[in-house]
Amino acid sequence: MKEIIYKLRSYSEAVEVLDQLQAGYRVILDIENVERTEAQRVIDFLCGGIYIINGQIQQINSFTYLCLPKSEININEEEQI
-18 MKEIIYKLRS
-8 YSEAVEVLDQ
2 LQAGYRVILD
12 IENVERTEAQ
22 RVIDFLCGGI
32 YIINGQIQQI
42 NSFTYLCLPK
52 SEININEEEQ
62 I
C-alpha cells in the first residue's frame, strides 16, 4: 500500500488528506505544527470525511494519526479470516 506523510500547518490543508485517501493512499498525518484549536477542527473534519468514505483513523500519539482508506481496511479484514 502506498503511504503519504502530511505535516499539516493549517486547517485548509485537510482537504488534501481526504483526496489522497479517496485515491487509495494510506496517510500518516502530523499535526504538531497546527494551532491547538485548528488541530481539533482538522481531526473533526477528517473523522467526518473518513466516515463518509468508510475509512478509518487511528491516533498514534498526541500529534500523529494514521488514516486508512476503505480498500485497505477490507484487505486487512480478509487477512484475519
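59 is the number that the numbering used here gives to position 78 of the sequence shown; each next residue is one higher, with no gaps. Beta carbons: idealized from backbone N, C-alpha and C, even for Gly.
I'd like the list of long-range same chain contacts for residue i, defined as Cβ closer than 6 Å, with 5 residues on each side in sequence excluded.
i	result
I(-14)	I9
N35	K51
R0	Reading off the sequence, residue 0 comes out as Asp, not Arg. Correct list: empty, nothing qualifies.
I62	Its pLDDT being 42, under 50, I62 is placed unreliably by the model, and the measurement read from it follows with that caveat. Excluding residues within five positions, none has a Cβ falling inside 6 Å.
If I'm right that residue i touches residue j with Cβ under 8 Å, what's the distance once you round it to whole angstroms?
i	j	result
K(-17)	R7	7 Å
R22	Y46	That belief does not hold up - the Cβ atoms of R22 and Y46 are roughly 14 Å apart, past 8 Å.
F44	E19	About 13 Å separates the two Cβ atoms, so there is no contact after all.
Which class does residue i belong to by DSSP, given the choice of helix, strand or coil?
i	result
Q61	Note that Q61 has pLDDT 45, beneath the 50 cutoff, so the model's placement of it is unreliable and the number below is only indicative. Correct three-state label for Q61: helix.
E(-16)	strand
L(-11)	coil
I34	coil
Please classify residue i: is it buried, with 16 or more other beta-carbons within 10 angstroms of its beta-carbon, or exposed?
i	result
Y32	exposed
A(-5)	buried
N42	exposed
G29	exposed
Looking only at its chain, what residues have a beta carbon closer than 7 Å to the beta carbon of residue i, apart from the 5 residues adjacent to it on each side?
i	result
L49	R7, G36, Q37
Any beta-carbon of chain B closer than 8 Å to the one on residue i?
i	result
M(-18)	Annotation note: the requested chain B is absent from the structure, which comprises a single protein chain.
Provide the residue span of the beta strand (DSSP E) that contains residue i, from first to last.
i	result
V130	Here the chain covers residues -18 to 62 and nothing more, so residue 130 does not appear.
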